[in-house]
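Undergrad: The structure is given below, and queries will be raised subsequently.
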């Protein structure tokens, strides 16, 4: 640490500064041709590195024959199925930046992102074809659409991209120039409070992450993340680089029963989970930890891991290490990470990740010292390329020294551990008081029977916001009432931190990109608050 900046371990960049992700994937797949790269549970298929390499080359060559070239943006709205990795690799080998969207997106969601990125090609699952077609038509975008999973009459199908070209051995990856500036992907920002922005990721951003990985570990890994999520996109790429890795894929949503089945069927030893998935696992009524004996590593990333959740994990899995990763899409994911042997104290998210710099900015907009709270700023090895077609947001994303604003409030202790306290965006005002939604959520999470909770503010002319809690409760705790929650919170906090906006039970919370979407939860809370108010008036 120098000049109030904390630095992670410096690991040399392993790649040429003029290479690309596609060129490196092509090389790595040829090194372990017989290795099973991916297993698709839903389609009961597997692909070796050789098969994937050949398919990727054919996709790149057939796209080139259709007139596509490097820098043409491709939108991908696909589930985790057999040929998806080859589609991703093929596009990267041709130098086409990838803009992955969620298969659950509706027409307006697709239109919002594609109006920014303006793709020339869209590859999508057949069940979202109509939404894609409508959104492109409304934008007057004549992008070619190619479907996966099921063919549609009159629409190109992925099989056409997989057909032999008879010149596969002659394929060469086009030169893209400086990897720090060449665009590899446009990922959707992981925001929870507003519409997504397109995060520009360079080839060097991705390869820099790979430079820090231990490639020797024999992975049989599972995560439920689609490529729309940054961790799903990067997992798809990273698997090609790990000579002893096999990734298990499924397009089914997470459930504890499915997780247990997949772990036993495929002898999975690494499970990458969002915090809410860990929470559901630990609260499962019939959980038998012996089903996880072959799992060597749990990795939690994509959200805040509460102290309660950490303690629950340690109690259930005392012999299993839990690695906690903290990051953001703009930093190409990892900012800080705990080690397998770390004594995870309090709410730490670990030490600064390799090749990353971190500082904490206090109230006077200056860096602060050990133990002093402020906003976390982070700087990855290679510069952030900005938000696609959004200069105003780009200008606000970093400070003058190139450090990214995370929006997270925290501090760094004397041992170099990063601690998170709150989100700047999740501070609301009630009668002039600052109210931390995170603090209220943490108290509610400690109540037995609460599975998930999200606290939001209901707009109010007098108070500015009325704190309200939207909760998913365990079905086994039917007697858990709204009033009990309100009273419990009232015992813990002063008046301004209490649930003046009410408590509302729901079957599920809206989750996207592994995060609870507060803007949608707010709609639910406002709707229920207004409904009850009108009923009382009647």
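Residue numbers (the UniProt record's numbering): 1 to 538.
Every residue gets a Cβ at the ideal spot worked out from N, C-alpha and C, and that includes glycine.
(1) Per DSSP, which residues does residue 297 bridge with? Please list them.
(2) Buried or exposed: where does residue 523 fall if 16 or more other Cβ atoms within 10 Å of its Cβ makes it buried?
(3) Taking its Cβ as the centre, do 16 or more other Cβ atoms sit within 10 Å of residue 29, making it buried, or is it exposed?
(4) Could I get the ranges of all uninterrupted beta strand (DSSP E) runs contained in the region 119-157, with 3 residues as the minimum, in chain order?
(5) Just curious, the beta strand (DSSP E) that residue 289 is in, first and last residue?
(6) I want to know whether the region 103-112 touches the region 156-175 - three or more CB-CB distances under 8 Å.
(7) Count the other C-beta atoms from every protein chain shown that fall within 10 angstroms of the C-beta of residue 294, then say buried if there are 16 or more, exposed otherwise.
(8) So what does DSSP say about residue 100, is it helix, strand or coil?
(9) In angstroms, rounded to a whole number, what distance separates the CA positions of residue 463 and residue 516?
(10) Quick check on the DSSP output: the alpha helix (DSSP H) that includes residue 200 runs from which residue to which?
(11) Pull up the CB-CB distance for residue 472 and residue 503, whole angstroms please, since I reckon it's below 8 Å.
(12) To the nearest angstrom, how far is it from the Cα of residue 68 to the Cα of residue 233?
(13) Who are residue 557's beta bridge partners in DSSP?
(14) By Cβ distance below 8 Å, which residues in the same chain neighbour residue 168 in space, the five residues on each side in sequence not counted?
(15) Mind checking whether residue 263 and residue 291 have CB atoms under 8 Å apart?
(16) Quick one: grab the DSSP three-state call for residue 507.
(17) Compute the distance between the beta-carbons of residue 92 and residue 121, then report whether it is under 8 Å.
(18) At which residues does the alpha helix (DSSP H) containing residue 279 begin and terminate?
(19) Could you check the C-alpha separation between residue 551 and residue 332 for me, to the nearest Å?
(20) Grouping DSSP H, G and I as helix and E and B as strand, with all else coil, what is residue 90?
(21) Once the 5 residues before and after residue 388 are set aside, which same chain residues still bring their CB inside 7 Å of it?
(22) Cα-Cα, which of 282, 280 and 247 is closest to residue 269?
(23) Provide the residue span of the beta strand (DSSP E) that contains residue 374, from first to last.
(24) Just list the residues that DSSP pairs residue 220 with in beta bridges.
(25) Pop quiz: residue 306 and residue 442 are said to be a contact at Cβ under 8 Å. What is the actual Cβ separation, rounded to whole angstroms?
(26) Where residue 41 and residue 267 are concerned, what is the direct C-alpha to C-alpha distance, given to the nearest angstrom?
(27) Have a look at residue 418 and residue 409 and give me their C-alpha separation to the nearest angstrom.
(28) Which first and last residues belong to the alpha helix (DSSP H) in which residue 310 is found?
(29) Please state whether DSSP places residue 10 in a helix, a strand or coil.
(30) Could you give the residue range of the beta strand (DSSP E) that holds residue 405?
(31) Cα separation between residue 24 and residue 237?
(32) Check whether the region 3-14 and the region 77-84 touch, using three or more Cβ-Cβ pairs below 8 Å as the test.
(33) Under a three-way DSSP split, which group does residue 368 fall into?
(34) Count the other CB atoms within 10 Å of the CB of residue 70; is the residue buried (16 or more) or exposed (fewer)?
(35) Can you find the residues in the same chain that come closer than 6 Å, C-beta to C-beta, to residue 403, ignoring five residues on each side of it along the sequence?
TA: According to the structure shown:
(1) Along the chain shown, read from residue 1 onward, the residue named residue 297 stands at position 297. Beta bridge pairing from DSSP links residue 297 with 270.
(2) Locating residue 523 in the chain shown gives position 523, counting from the first residue. Exposed: under 16 other Cβ atoms inside 10 Å.
(3) Taking the chain shown and counting its residues from 1, one reaches residue 29 at position 29. For residue 29, the number of other beta carbons within 10 angstroms of its own is at least 16, and it is reported as buried.
(4) List check, beta strand (DSSP E) in window: 121-125 and 144-148.
(5) Working through the chain shown from its first residue, we reach residue 289 at position 289. No beta strand (DSSP E) contains residue 289, which DSSP labels as neither H nor E.
(6) Put simply, the region 103-112 does not touch the region 156-175. Fewer than three CB pairs are less than 8 Å apart.
(7) Sequence index remark: in the chain shown, residue 294 carries index 294 (1-based). Per the 10 Å Cβ criterion, exposed.
(8) Sequence index remark: in the chain shown, residue 100 carries index 100 (1-based). Strand.
(9) Counted from its first residue, the chain shown places residue 463 at position 463. Counted from its first residue, the chain shown places residue 516 at position 516. Computed Cα separation, rounded: 25 Å.
(10) Against the chain shown, residue 200 aligns to sequence position 200. Element bounds for residue 200: not the alpha helix (DSSP H) but the beta strand (DSSP E), 198-202.
(11) For the purposes of this step, residue 472 is identified with residue 472 of the chain shown, where counting begins at 1. For the purposes of this step, residue 503 is identified with residue 503 of the chain shown, where counting begins at 1. Residue 503 and residue 472 do not touch by the CB rule: their CB atoms are close to 12 Å apart, not below 8 Å.
(12) Within the chain shown, numbered from 1, the residue matching residue 68 stands at position 68. Within the chain shown, numbered from 1, the residue matching residue 233 stands at position 233. In this structure, the straight-line span from the alpha carbon of residue 68 to that of residue 233 is close to 22 Å.
(13) Only positions 1 to 538 of the chain appear in the structure, and residue 557 is not among them; the question remains open.
(14) Counting from 1 along the chain shown, the entry for residue 168 is found at position 168. In chain order, 54, 57, 58 and 61 place their CB closer than 8 Å to the CB of residue 168, counting only its own chain and leaving out the 5 sequence neighbours on each side.
(15) If you number the chain shown from 1, residue 263 lands on position 263. If you number the chain shown from 1, residue 291 lands on position 291. Contact: yes.
(16) On the chain shown, position 507 is the one that residue 507 refers to. Three-state DSSP puts residue 507 in coil, outside helix and strand.
(17) Here residue 92 corresponds to residue number 92 of the chain shown, with the count starting at 1. Here residue 121 corresponds to residue number 121 of the chain shown, with the count starting at 1. The answer is no: Cβ separation not under 8 Å.
(18) Position 279 of the chain shown, counting from 1, holds the residue named residue 279. Taken as a continuous stretch (DSSP letters only), the alpha helix (DSSP H) holding residue 279 covers 275-282.
(19) No information on residue 551 is available, as it lies outside the stretch 1 to 538 that the chain covers here.
(20) If you number the chain shown from 1, residue 90 lands on position 90. Here residue 90 carries a helix assignment [DSSP, helix/strand/coil].
(21) On the chain shown, residue 388 is found 388 positions in, with the first residue counted as 1. The residues are 116, 117, 186, 198 and 200.
(22) The residue given as residue 269 occupies position 269 in the chain shown. For the residues 282, 280 and 247, the minimum Cα distance to residue 269 belongs to 247.
(23) Residue 374 sits at position 374 when you count from the first residue of the chain shown. Here the beta strand (DSSP E) through residue 374 covers 374-379.
(24) Your numbering for residue 220 matches position 220 in the chain shown. In DSSP, residue 220 forms a bridge with 246.
(25) Indexing the chain shown from 1 puts residue 306 at position 306. Indexing the chain shown from 1 puts residue 442 at position 442. With a Cβ gap of about 6 Å, residue 306 and residue 442 count as contacting.
(26) Here residue 41 is taken as the residue at index 41 of the chain shown, counted from 1. Here residue 267 is taken as the residue at index 267 of the chain shown, counted from 1. Distance between the alpha carbons of residue 41 and residue 267 is about 13 Å.
(27) For the purposes of this step, residue 418 is identified with residue 418 of the chain shown, where counting begins at 1. For the purposes of this step, residue 409 is identified with residue 409 of the chain shown, where counting begins at 1. So the two alpha carbons sit approximately 10 Å from each other.
(28) Within the chain shown, the letter at position 310 stands for residue 310. Residues 307-316.
(29) Along the chain shown, read from residue 1 onward, the residue named residue 10 stands at position 10. Coil.
(30) As a position in the chain shown, residue 405 is number 405, starting the count at 1. Counting along the chain, the beta strand (DSSP E) containing residue 405 begins and ends at 404-412.
(31) As a working mapping, residue 24 is identified with position 24 in the chain shown. As a working mapping, residue 237 is identified with position 237 in the chain shown. Distance between the alpha carbons of residue 24 and residue 237 is about 10 Å.
(32) Output reads no: the region 77-84 does not touch the region 3-14.
(33) Against the chain shown, residue 368 aligns to sequence position 368. The answer is coil: DSSP assigns residue 368 none of H, G, I, E or B.
(34) Counting from one through the chain shown, the residue named residue 70 turns up at place 70. Label assigned to residue 70: buried.
(35) Locating residue 403 in the chain shown gives position 403, where the first residue counts as 1. 377 and 379.
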